[in-house]
Amino acid sequence: MNELLTNSLPDLLRNLPGLRLFAICSLVLAVKMMILGGSTAAVRARLKVAVNKEDVGNSGATLSDVEHPEVARYLRAHRNDLENIPMFFAIGLVAILIGASPRGMQICFIVFTLARVTHTVVYLKSLQPWRTLSFAIGNLCTLALGIMSVIRAFG
Amino acid sequence: MNELLTNSLPDLLRNLPGLRLFAICSLVLAVKMMILGGSTAAVRARLKVAVNKEDVGNSGATLSDVEHPEVARYLRAHRNDLENIPMFFAIGLVAILIGASPRGMQICFIVFTLARVTHTVVYLKSLQPWRTLSFAIGNLCTLALGIMSVIRAFG
Amino acid sequence: MNELLTNSLPDLLRNLPGLRLFAICSLVLAVKMMILGGSTAAVRARLKVAVNKEDVGNSGATLSDVEHPEVARYLRAHRNDLENIPMFFAIGLVAILIGASPRGMQICFIVFTLARVTHTVVYLKSLQPWRTLSFAIGNLCTLALGIMSVIRAFG
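Protein chains in written order, with the numbering used here: chain R, 1 to 155; chain H, 1001 to 1155; chain L, 2001 to 2155.
Structural data, given as structure tokens:
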């Protein structure tokens, strides 16, 4: 009996509503953040600026304690990710484990991921009101997931 | 048999000790962080300052590369959240899945959440030693959860 | 039957491939981040600098809106953690739940943890190319975990 359970559990968990989609969305968001981090380094290289003395090397870069305004924009876009994406990761996993509405999770996972990709693009392109809009939509998805989880917890 | 399991798993997972409470605590912490983010924007609007040129618009805000000291305090409070809350989210989920002491989890989840809400309030109000104290209490909760999980893993 | 399941589930979950190791790695990474946060405070104390007026007290510290360069390095090392570790936490938990390759998870969890500890040490010691190398290795582990999860989801 226990052996049967041990063998079935991985398949049962894999089929938990939302988990497969969440695996894709979390990978997309992680790659998105990695690209943003890499782009920040690329902008520093293009502008020939560095904040760490060991990065100056033979590159002819200028060392500065203050970030170049263009780099600072990339850092702000990334920081906004840090303020929103880890929160979504946690609340999304709770929703899956607690068994929130599958359709609700599906919508929130997809919309959140699209909203955050959009947010980065429009932040770097200085486009308003799209930045605020995509930020708000992302927050609403996280909020909805959290509320659905609490409803399911006590429903 | 497998069908029975498939049908029972969601209810079994929902009843995992700690998960319901964690759903509430993670929602409270997420809302707390969203309010802090919104307050930062509100302070910028009140002080008529902006760091992004596209936010100046017709608002009469002054564009600056350096954050206003009052805004900077909000950003530091938020950054302290980022240094602590995602860590708690991960270690709390591990504790639930690995089956750490239910009473221990209960205490750590509630105390951590209260400590972090307190931390934000006293940081914004410049109150010491309460800021350091609430920070330390939050860290102790995360540490205790991590240690309880490792004990359970090999106990 | 359901009672039997309820009693077995905690043990079954505890034995999920990767979870025990992840419990150790997440604790190591959390402690590492806490030490880094504490070291930042220690450096500020040694240099007698403060960014919050309530921290000046009787310490004779100088209040400044701009961080001391040495403190700024600690903050950048910590921020790099924030850009990478929460992402790993989420993607690692997904890999465990979805049942990614146990051997693959084992390698990624251990290598990521070693890479991030190394990253902090070499960042603080201004050592290149080790900083970039350990950063890249950590990212590759997260990427590999995400890809293994998606493969398992649809494999």
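Even glycine gets a Cβ: it sits at the ideal position worked out from N, Cα and C.
Residue environment, residue i, which counts as buried when at least 16 other CB atoms sit within 10 Å
i, result
"GLU1083(H)", "buried"
"LEU2004(L)", "exposed"
"ASP81(R)", "buried"
"SER1134(H)", "buried"
"VAL66(R)", "exposed"
"GLY1060(H)", "exposed"
"ARG2073(L)", "buried"
"ILE2035(L)", "exposed"
"SER2064(L)", "exposed"
"GLY1156(H)", "For residue 1156(H) there is no data in the structure shown, the boundaries of chain H being 1001 and 1155."
"ASN139(R)", "buried"
"GLY2155(L)", "exposed"
"THR2062(L)", "exposed"
"ALA161(R)", "This structure does not reach residue 161(R), given that chain R is present from 1 up to 155, and the question cannot be answered."
"ARG2103(L)", "exposed"
"ALA1144(H)", "buried"
"SER2026(L)", "buried"
"ALA2095(L)", "buried"
Simplified DSSP assignment, three categories, for residue i
i, result
"VAL1049(H)", "strand"
"ASN119(R)", "Residue identity differs from the one stated: residue 119(R) is His in this sequence, not Asn. If DSSP states are grouped into helix, strand and coil, HIS119(R) belongs with the helices."
"LEU1114(H)", "helix"
"GLY1146(H)", "helix"
"GLU1067(H)", "coil"
"ALA2100(L)", "coil"
"SER126(R)", "coil"
"GLY1092(H)", "helix"
"LEU16(R)", "coil"
"ARG2038(L)", "With the sequence shown as reference, residue 2038(L) is identified as Gly, and Arg is not the correct amino acid for it. Helix, per DSSP."
"VAL56(R)", "coil"
"GLY2138(L)", "helix"
Chain R within 8 angstroms of residue i, Cβ atoms only
i, result
"PRO2069(L)", "yes"
"ALA2023(L)", "no"
"GLY1037(H)", "yes"
"MET1105(H)", "no"
"ASN2139(L)", "yes"
"ILE2098(L)", "yes"
"ALA2153(L)", "yes"
"VAL2117(L)", "no"
"THR2062(L)", "no"
Bridge-paired residues (DSSP) for residue i
i, result
"THR1062(H)", "VAL1049(H)"
Proximity test, Cβ basis, 8 angstroms: residue i and chain H
i, result
"ARG2020(L)", "yes"
"PRO2010(L)", "yes"
"THR120(R)", "no"
"GLN128(R)", "yes"
"THR2113(L)", "no"
"THR2006(L)", "yes"
"ARG2014(L)", "yes"
"THR40(R)", "no"
8 angstroms Cβ cutoff, residue i in contact with chain L
i, result
"SER59(R)", "no"
"PRO1086(H)", "yes"
"ALA45(R)", "no"
"GLU1083(H)", "yes"
"GLU3(R)", "no"
"SER26(R)", "yes"
"THR30(R)", "The sequence given here places Ala at residue 30(R); Thr does not occur at that position. It does: the Cβ of ALA30(R) has a partner Cβ on chain L nearer than 8 angstroms."
"PHE89(R)", "yes"
"ASN52(R)", "yes"
"ARG73(R)", "no"
"GLY1092(H)", "no"
Inter-residue CB distance, residue i and residue j (contact presumed, cutoff 8 angstroms)
i, j, result
"ARG116(R)", "LEU19(R)", "That pair is no contact at about 20 angstroms."
"GLY1037(H)", "HIS1068(H)", "Not quite, the Cβ-Cβ distance comes to about 16 angstroms (not below 8 angstroms), so this is no contact."
"ARG2152(L)", "ARG14(R)", "7 angstroms"
"PRO86(R)", "PRO2086(L)", "4 angstroms"
"PRO1017(H)", "MET1105(H)", "7 angstroms"
"PHE89(R)", "PHE112(R)", "Not a contact, Cβ separation roughly 10 angstroms."
"ASN52(R)", "SER2126(L)", "7 angstroms"
"GLN1128(H)", "GLU2070(L)", "That belief does not hold up - the Cβ atoms of GLN1128(H) and GLU2070(L) are roughly 23 angstroms apart, past 8 angstroms."
Neighbour list for residue i in chain A, Cβ cutoff strictly below 9 angstroms
i, result
"VAL1150(H)", "Of the protein chains in the structure, R, H and L, none is chain A."
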